[in-house]
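Engineer:
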Amino acid sequence: MKVKIDYNKCSDPLSCKACIRACPYGVLCIAPIKDPKDPGKKPVGYKIVPLYEPLCNSCGKCVEVCPQNAINVAGYKKIAISAPA
Amino acid sequence: MCDICEKHTKHKHVRWYLDPDSYSDELLKDPEREKVVLRITGYNLEWFIFDTGWKLRLLNKLPWPLKNLLKGYVNKVAYKIHAGQVVPLEDALQIAELAHNHVIIPCYCRRLLGDKEELTCLNFGMVKYLWPKYRPDDRVQELTKEEAKELLKEWDEKGYIHAVFWAKTPYVIAICNCEKRYCTALKNRLVYGIENAYKKSHYIAVVDEEICDGCDGRPECVMRCQFGAIRYDPSAKVVKIDPYLCFGCGLCRNACEKGAIKLVEREKFPIPVGW
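Top line first, the protein sequences correspond to chains A and B. Going by my numbering, the first residue of the first sequence is number -16, and it counts up by one from there. Going by my numbering, the first residue of the second sequence is number 34, and it counts up by one from there.
(1) Cβ closer than 8 Å: which chain A residues qualify as neighbours of E180 of chain B?
(2) Answer with buried or exposed for K62 of chain B, where buried requires no fewer than 16 other C-beta atoms within 10 angstroms of its C-beta.
(3) Any beta carbon from chain A within less than 8 Å of Y215 of chain B's own beta carbon?
(4) Are the C-beta of Y(-10) of chain A and some C-beta of chain B separated by less than 8 Å?
(5) Threshold first: 3 residues or longer. Then list the beta strand (DSSP E) segments lying entirely within the region -10 to 51 of chain A, N to C.
(6) Q118 of chain B and K220 of chain B: beta carbons closer than 8 Å?
(7) Is it the case that the Cβ atoms of C45 of chain A and V32 of chain A are separated by a distance below 8 Å?
(8) If you count every other CB in all the chains shown that lies within 10 Å of the CB of S234 of chain B, and 16 or more means buried, which is it?
(9) Look at the alpha carbon of E228 of chain B and the alpha carbon of I128 of chain B, and state the distance between them as a whole number of angstroms.
(10) Nearest-angstrom Cα distance between S(-6) of chain A and E65 of chain B?
(11) With which residues is W199 of chain B paired in a DSSP beta bridge?
(12) So which residues of chain A does N77 of chain B contact, with C-beta pairs closer than 7 Å?
(13) Judging by CA-CA distance, which residue of B:D266, B:L278 and B:K149 is the nearest neighbour of R214 of chain B?
(14) Alpha carbon to alpha carbon, what distance is there between K(-15) of chain A and S41 of chain A?
(15) So if I threshold CB-CB distances at 9 Å, which residues from the region 33 to 55 of chain A count as touching chain E?
(16) What residue range does the alpha helix (DSSP H) around I128 of chain B cover?
(17) Out of curiosity, what's the CA-to-CA distance linking Y8 of chain A and C39 of chain A?
(18) Which full runs of the alpha helix (DSSP H) of 4+ residues lie inside the region 201 to 246 of chain B, going along the chain?
(19) Measuring alpha carbon to alpha carbon, tell me which residue in B:K186, B:Y265, B:L184 and B:C142 is nearest K85 of chain B.
(20) Please state if the CB of C254 of chain B and the CB of V272 of chain B are separated by a distance shorter than 8 Å.
(21) Could you name each continuous alpha helix (DSSP H) segment of 4 residues or more that falls completely within the region 271 to 297 of chain B, going from the start of the chain to the end?
(22) Between the Cα of E187 of chain B and the Cα atoms of B:F260, B:A125, B:L278 and B:G226, which residue gives the shortest distance?
(23) Can you list the residues of chain A that Y167 of chain B reaches, using a CB-CB cut of under 8 Å?
(24) If you measure from the beta carbon of A57 of chain A to each beta carbon in chain B, is any gap under 8 Å?
(25) Does the beta-carbon of V27 of chain A have 16 or more other beta-carbons within 10 angstroms, so that it is buried, or is it exposed?
(26) Less than 8 Å between the C-beta atoms of L225 of chain B and G75 of chain B, yes or no?
(27) What residues of chain B sit near C(-7) of chain A, judged by a beta carbon separation below 8 Å?
(28) Is there a Cβ from chain A that is less than 8 Å from the Cβ of T42 of chain B?
(29) Between B:D249, B:L155 and B:Q259, which has its C-alpha nearest I208 of chain B's C-alpha?
(30) With a threshold of 8 Å between beta-carbons, can A14 of chain A be considered close to chain B, or not?
(31) Pairing CB atoms from the region 278 to 286 of chain B with CB atoms from the region 235 to 245 of chain B, are three or more of them under 8 Å?
(32) Could one say the Cβ of I3 of chain A lies closer than 8 Å to chain B's Cβ atoms, at least one of them?
(33) Under 8 Å Cβ to Cβ from A14 of chain A, same chain only, skipping five residues before and after it: list those, please.
(34) Would you please verify whether the beta carbon of G3 of chain B is less than 8 Å from any beta carbon of chain A?
(35) Per the DSSP calculation, L155 of chain B is bridged to which residue(s)?
(36) Locate the alpha helix (DSSP H) running through D189 of chain B, then write down its first and last residues.
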């Protein structure tokens, strides 16, 4: 599991969607929670899933942009870059 | 002719999407096809996109003997459900000519994977009545044949790839105008290996190296290719197209001001590159 999302922190993805816009490769997707079966019936909720996980190369843009710090990507560490003196 | 033309249409010498029988409402009388159409209508389309990709993601993690077996199965059923084939602009215009009930709806791949609302999904047939019924909150715009053709040309200029989608071959249901960043069908092919999710076109692009001069080191055709098939060779000052990666969409050909790139028929191409 390269991309892990904490659904307790990401509670209302539809109001945010920052990670989806940030990902340069299109790994993340908004997914309906249950199979609607009825084309006119709205799903009970949505969640963010890494639908195309093999495309992820740990660039970390989703981690940086998430306001709730809900995403964790294996192989990415936040490193503080200090300006030269 | 590709295998759809050979196996799923009556007239094997006509491309399956240029055969008028592929647009006939007679095809809608098949109950299996009706089920497929409802499966990709309204909120079901969101589920279809997610469910297909999610199952493929799990399939991808299986050990290779089981993975190959299941991939073969998914490849076979792709023709019975919903998938697409790339078409260049001239074929897309002919499809718009043959179809009826032109309507544009929001592109769901862009919405789910990019949070973008763009009316770039050109649909035909039943969709005109199904969409306002099941998703009245979606913007739906009816078009005339001429307006649809104008839009196709506009999208071609922008660099969107045209692909004709079926609802159980050979019934033509839509022309998708998408890009690699968002297209879930293309990703199902490139990432998970399901070739019949997004087939290459009946053409392949070739460069005439006597006309091509590399555009002074800044060839626009290289920027246009979404498949990474064309690259610039700085020492030779020409561009090279990899025939195994080329999908035959024709966007590079449109970008070439000198007319150095042409689309030739994939069937007659000397290397067996496949579809």
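Heads up, the beta-carbon is just placed ideally off N, CA and C, and yes, glycines get one too. This one's a predicted model, so the numbers in the text were calculated from it and none came from an experiment.
Structural biologist: From the atom records:
(1) Simply none; closest approach about 26 Å.
(2) exposed
(3) yes
(4) no
(5) 11 to 15 and 29 to 33
(6) no
(7) no
(8) buried
(9) 23 Å
(10) 38 Å
(11) B:V205
(12) P19 and P22
(13) B:K149
(14) 8 Å
(15) Considering every chain present, this structure includes no chain E. Its protein chains are A and B.
(16) L122 to L131
(17) 7 Å
(18) 217 to 223
(19) Lys is not the amino acid found at residue 85 of chain B; the sequence shown has Thr there. Nearest C-alpha to T85 of chain B: B:C142.
(20) yes
(21) 284 to 288
(22) B:A125
(23) P22 and G23
(24) no
(25) exposed
(26) Going by the sequence as given, residue 225 of chain B is Tyr instead of Leu. No, Cβ-Cβ distance for Y225 of chain B and G75 of chain B is not below 8 Å.
(27) Going along chain B, no residue has its Cβ under 8 Å from C(-7) of chain A, so there is no contact; the nearest lies around 15 Å.
(28) no
(29) B:L155
(30) yes
(31) yes
(32) yes
(33) Y29, K30, I31, V32 and L34
(34) Absent from the structure is residue 3 of chain B, since the part of chain B shown begins at 34 and ends at 308.
(35) B:I137 and B:I208
(36) K178 to K191
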